[in-house]
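Throughout the sequence shown, residue numbering follows numbering that gives the first Met the number 0, covering 0 to 426 in sequence.
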Amino acid sequence: MLQSMKISGGTPLVGTIEISGAKNLALPALAASLLTDGNLSLHRVPNLEDVKSMLRLLVHLGVDMGDLMAGTIILTANGLKTLDAGYDFVRKMRGSILVLGPLVARFRKAAVSLPGGCAIGARGVDLHLKALEHMGASITIENGYINASAPNGLIGCDIILPIPTVTGTENILMAATLAKGITRIINAAMEPEVAALADLLIKMGAKITGHGSSIVTIDGVDSLSGTDFTILPDRIEAGTYAIAAALTNGKLLLKNCKYDHLAALFDALHLAGVTHQVHREAGNEYEDIEVWRNIEIINPVSIQTTPFPGFATDLQAQFMTLMTICNGTAAITENIFENRFMHVPELSRMGANISIHGKTAIVTGQPFLRGTNVMATDLRASVSLVLAGLTAHGETIVNRLYHIDRGYENIDQKLRTCGANIERFTV
Ligand code: EPZ
């Protein structure tokens with residue numbers, strides 16, 4: 000059954016939002032369960048469609064697991080039923096490619112469907128495959144399947160990435176933990192989720208240094224053990240709600256996040272006329288961040304998306320929504336994906352003035368947006384339409400909510416508790 004969301008805009012969001020565990024760490028952390036026959040207990044796992052898709056895939060492979068209860072799940076990959084991650088699983092969620100590295104590293108064989116493209120771009124996995132071949136795996140692609148095998152195990156080596164691919168780095172990182180010898184990933188992704196995955200692997204017994212920087216060194220070990228691990232807060236969820244506070248001229252307290260994971264966003268928001276205050280408690284690794292607009296009309300701010308620690312591509316659509324009501328013209332350049340402006344036609348139908356010139360969208364601010372029927376396409380484009388509905392005059396209906404439920408836990412409840420006039424209904 001398809002679900003839609005009805006939003007009546009104009010109410011400033013005021014209140015507190017608890018940030019959930021990060022989707023883009025939960026996915027590789029769940030895949031890491033394949034690397035050990037021990038029990039892997041994960042906490043603060045967000046209850047999201049993408050997480051459920053990964054859990055279904057791991058069950059299909061033969062991983063034993065309890066239910067996801069209050070964010071905690073225990074997984075045990077004692078022996079598997081199959082090493083085949085079928086198309087049905089992978090097409091639903093690209094992150095399924097993250098089982099490839101662990102399966103080849105521990106079981107020396109894997110058959111994983113090539114992930115289909117997706118709305119935002121081709122999203123190849125050629126770099127994942129080249130790296131595994133470099134480590135001694137033989138890889139063939141037949142009938143849309145990646146067939147990988149390394150009968151003598153993987154061998155550590157230098158892997159130089161032409162682009163700092165996030166899941167590519169994560170796949171190589173996991174594979175290298177059980178390879179023979181030293182692997183160095185050069186031009187590794189530095190996203191906090193990648194560094195946190197390395198922290199998990201180290202707790203499991205892996206020998207990793209340099210994680211969080213662009214050169215990561217892994218000294219392979221014979222086996223890994225189970226452990227307990229808590230997923231870090233979702234910086235993209237936190238950034239999305241920070242923008243919502245600015246858009247609606249409200250004031251939100253975002254609980255359990257980390258300023259350093261969002262420095263580029265808060266720098267852009269500061270230029271736009273948005274203030275934030277970080278509240279730190281002694282002994283707490285994470286912080287609470289209060290966000291509010293300190294200016295009548297938002298200033299135009301141009302941004303470019305780049306790998307971490309630059310401006311996150313996963314916040315580009317949301318920031319564009321903010322710029323649709325600025326008092327000038329802003330240029331938003333998307334450097335990571337080749338087709339990540341799917342939200343533009345829908346925002347334009349709400350009265351936004353946006354023109355696309357190659358990788359750059361030129362946004363000329365309008366006094367306000369008007370509510371109407373809009374269609375969600377991909378995860379972050381969808382949430383940018385919800386944000387638009389929160390500030391628009393009149394009523395907005397966002398259709399195809401399953402896109403949003405892939406990456407935002409309880410978004411309607413979280414917004415409603417802060418005053419949003421929002422309800423979900425089945426069409
Ligand atoms: C991860 O995707 C995230 N997903 C994405 O979040 C995020 O947008 C992206 O990193 C960039 O930060 C997860 O972590 C599950 P990439 P990933 O490999 O790893 C090209 C969201 O909304 N490329 O860093 O797939 C690729 O096509 C999602 O939460 C190759 O050409 O991104 C893209 O243009 C969306 N060949 C660019 O590199 C490869 O082998 C960056 O992709 C790998 C990547």
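Here a beta-carbon is modelled for each residue, glycine too, at the ideal position from N, C-alpha and C.
Bridge partners - residue i, DSSP secondary structure assignment
i: L252; result: T15, E289
i: R369; result: H392
i: R122; result: Bridge partners of R122: none, in fact.
i: G20; result: P232
i: S222; result: According to DSSP, S222 bridges with nothing at all.
i: S112; result: Y144
i: D83; result: A110
i: V397; result: M4, V373
i: E408; result: Per DSSP, none; premise fails for E408.
i: T274; result: W291
i: D157; result: R183
i: I217; result: T182, I207
i: L39; result: L74, T226
i: A130; result: Per DSSP, none; premise fails for A130.
Nonlocal neighbours in the same chain, by C-beta distance under 6 Å from residue i, ignoring five residues either side
i: T328; result: P299, T363
i: R234; result: H260, L261
i: L414; result: I421
i: F106; result: L82
i: G249; result: P11, L12, V13
i: I171; result: A130, I158, I184
Outcome for residue i when other beta-carbon atoms lying within 10 angstroms are tallied against a minimum of 16
i: H356; result: exposed
i: G94; result: buried
i: L1; result: exposed
i: T35; result: buried
i: I294; result: exposed
i: D404; result: buried
i: T182; result: buried
i: P191; result: buried
i: T139; result: exposed
i: P448; result: For the chain, the structure presents residues 0 to 426; residue 448 sits outside this window and is missing.
Close beta carbons around residue i, own chain, < 7 Å, minus the five adjacent residues each side
i: S3; result: I396, V397, N398, L400, F424, V426
i: I302; result: A267, F310, F318, I331
i: M374; result: E345, N398, R399
Sequence-distant residues of its chain with Cβ nearer than 8 Å to residue i (five each side left out)
i: T81; result: H59, L60, G61
i: S347; result: I353
i: L251; result: L12, V13, G14, T15, I16, Y240, A241, A243, A244, E289, V290, W291, C417
i: S137; result: A147, S148, A149
### Message
With three or more C-beta pairs closer than 8 Å as the rule, is the region 221 to 230 touching the region 152 to 164?
### Response
no
### Query
If we count Cβ pairs, one from each stretch, closer than 8 Å, do we get three or more for the region 270 to 286 versus the region 240 to 259?
yes
### Query
Counting pairs of beta carbons, one from the region 262 to 272 and one from the region 235 to 250, are three or more of them closer than 8 Å?
yes
### Query
Does the region 285 to 293 touch the region 45 to 58, meaning 3 or more C-beta pairs lie closer than 8 Å?
no
### Message
With three or more beta-carbon pairs closer than 8 Å as the criterion, would you say the region 119 to 133 touches the region 77 to 91?
### Response
no
### Query
Using 8 Å as the threshold, is the region 191 to 204 in touch with the region 127 to 136, meaning 3 or more CB pairs across them?
no
### Query
Do three or more CB pairs link the region 208 to 217 to the region 11 to 29 at distances below 8 Å?
no
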